[in-house]
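Notes follow the structure.
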Amino acid sequence: MENRGELSIFSIIPFLVLLLLIATGPLFFKHFWEKYYKVISILLAVVIGVYYIGFLRDFNSVYNTFIEYLSFILLLGALYVTAGGILIKFSGESDAIGNVVFLLIGAVVSNIIGTTGASMLLLRPFIKINKNRISPYHIIFFIFLVSNVGGSLTPIGDPPLFLGFLKGVPFLWVLSNTWYIWLIAVGLILSIFWFIDRKTVPEITFTPFIKLYKSIQIKGTKNFILLLVIILAVFLDHSVIPAIPHLYPFPLGIRELIMLCVIIFAYKFSSRGVFRANEFDLEPIKEVAFLFIGIFITMIPALQLIAFGSHQFRDNLNASMFYWGSGMMSSVLDNAPTYLNFLSAAMGKFGLDINAAEQVKEFVAQDAVFLRAISVACVFFGAMTYIGNGPNFMVKSISERSGITMPSFMTYIFIYSVPVLLPVFTIIWLLFFK
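Read in order, the letters of the sequence shown correspond to residues 12 to 445 in my numbering.
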């Protein structure tokens, strides 16, 4: 590996350009962005690939990053396609208590099948059980809890945590170190939702709640077996179980080959009727695939320079800075690359390299507070805007197609996320990271 100090500061320009375009393109020049985002992402990735391989003579950084990208996108793809083949239907209507239970279940499920899978699986049933009184705030709190905050307990739950797992963070570390923070955050947000939602229901009784959950119907149940296969396959990697062959230099390991097979099987054999009922198509996951190949490759110099710089200024870094810094960045940029950048910075404080799995494990063992702050903030703050986490825009789009008038980008922030989430996140900071 080359000396990070020899990296040009200008090498991070493609990464910054790509993140800026991801944040502004869908809002300000939507048609141009939709037409050319694939070309832009790949082109910027090629620029950094050529810089590393051609000028720095560093093939390994690019190759290892590409392997991590394949693991990342195949997991998301497997969860997305498999969840798209499952249909949950209710024949009843919900009250405030039923909605609270539904969102709590959704927050738990998002740790098992990911925030993307849970959002796809549960959004339409949530709209249906509130069909006579559905309001934008129902969808916003769904985004808060199911699409973001809920999925903070496992690497499967949210993309940033899976990237940490790929780097060497133990699978159960997040659950064992953040479950109490999850309980407080989910509890506070659900309490606020219940206070708002009960105002639209004349009487609060358990009768509608009981009838609602007795009326549940599920189609595509065989796909739950595929979900189990995905969860088990996450552990089938040489870095987790040394006995598993890594198949180097072939870029796909046993885990990734299983994920690929699940995608093909789920797409080929899932019920077409269920796909139609879920309005399933491959465009959202294609968009993620193209954007993240650009993000992963252009992020290489940013990670290395941040680690180098944080080691130089390590005495000034503390848990509060990592919590608010990674949180605010996750609000306006995608939270997955934000997580890696701040993890790299935290490790750099101790002179450790994010690209060395053994050093990641050493970092986790010696000082958990920084990783805890980053893990919590990157997942939680992804709910602050539509662009903070991948499922947010997907939920907005599906809701609008269902006839719900969703708030604008700025309305979402100033009417919903700032008044509701910022006080909750401040309480979390005061309790655990101040």
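Don't be surprised by glycine CBs; every beta carbon is placed ideally from N, CA and C.
Identity of the residue in the options nearest residue i by Cα
i	options	result
residue 394	100, 338, 210	338
residue 278	18, 94, 23, 64	94
residue 123	258, 236, 18, 422	236
residue 386	170, 73, 89, 51	170
residue 21	73, 253, 310, 192	310
residue 63	76, 52, 51	76
residue 132	33, 405, 434	405
residue 349	17, 303, 373, 145	303
residue 391	40, 199, 50, 227	199
residue 153	441, 410, 436	410
residue 48	357, 347, 299, 353	299
residue 29	191, 301, 190	301
residue 32	149, 407, 360, 305	305
residue 202	440, 432, 442	432
residue 233	282, 65, 251	282
Cutoff 8 angstroms; reference residue i; Cβ partners in own chain excluding five residues on either side
i	result
residue 215	In this prediction, residue 215 scores a pLDDT of 49, lower than 50, which makes its location untrustworthy; the coordinate-derived value is nonetheless stated afterwards. Here the set comprises 106, 107, 108, 209.
residue 90	124, 125, 127, 128, 167, 238, 241
residue 396	342, 343, 403, 420, 423, 424, 428
Whole-Å CB distance - residue i paired with residue j, under 8 angstroms assumed
i	j	result
residue 157	residue 118	6 angstroms
residue 178	residue 371	5 angstroms
residue 312	residue 23	5 angstroms
residue 130	residue 402	4 angstroms
residue 194	residue 165	15 angstroms between Cβ atoms; not a contact.
residue 247	residue 265	5 angstroms
residue 408	residue 138	Wrong, their Cβ atoms sit about 13 angstroms apart, outside the cutoff.
residue 101	residue 140	5 angstroms
Cβ-based neighbour list, residue i, same chain, cut-off 6 angstroms, excluding 5 preceding and 5 following
i	result
residue 167	125
residue 285	96, 98, 230, 231
residue 444	330, 331, 334, 384
residue 151	427
Spatial neighbours of residue i in its chain, beta-carbon cut-off 7 angstroms, leaving aside the 5 residues before and after
i	result
residue 38	420
residue 60	73, 308
residue 184	375
residue 435	196, 199, 200
residue 16	Unreliable placement is indicated for residue 16, whose pLDDT of 45 sits below 50; no coordinate value is reported for it.
Rounded separation between residue i and residue j - CA only
i	j	result
residue 362	residue 174	20 angstroms
residue 389	residue 425	20 angstroms
residue 343	residue 399	6 angstroms
residue 355	residue 245	23 angstroms
residue 351	residue 143	43 angstroms
residue 256	residue 249	6 angstroms
residue 415	residue 19	48 angstroms
residue 297	residue 128	15 angstroms
residue 253	residue 242	18 angstroms
residue 134	residue 116	12 angstroms
residue 67	residue 50	25 angstroms
residue 518	residue 293	Not covered by the structure: residue 518. The range shown for the chain is 12 to 445.
residue 268	residue 160	30 angstroms
residue 181	residue 211	44 angstroms
residue 206	residue 341	28 angstroms
residue 172	residue 155	17 angstroms
residue 113	residue 163	18 angstroms
residue 85	residue 272	10 angstroms
residue 280	residue 228	20 angstroms
residue 359	residue 55	26 angstroms
residue 40	residue 295	18 angstroms
residue 147	residue 44	27 angstroms
* **Length at least 4, wholly inside the segment 71–158: the alpha helix (DSSP H) runs in chain order** => Counting whole runs of 4 or more residues, the segment 71–158 contains the alpha helix (DSSP H) stretches 107–140, 147–156.
* **Every unbroken beta strand (DSSP E) within the segment 39–74, with a cutoff of 3 residues, ordered by chain** => Entirely contained in the segment 39–74, not one beta strand (DSSP E) run reaches 3 residues.
* Asked: Which runs of the alpha helix (DSSP H) spanning at least 4 residues fall entirely within the segment 168–249, listed in chain order?
  -> DSSP assignment within the segment 168–249 yields the following whole alpha helix (DSSP H) runs of 4 residues or more, N-terminal first: 170–178, 184–208, 217–225, 234–244.
* May I have a chain-ordered list of the alpha helix (DSSP H) segments no shorter than 4 residues that lie completely inside the segment 318–367? => Qualifying alpha helix (DSSP H) stretches, in chain order: 330–343, 346–360.
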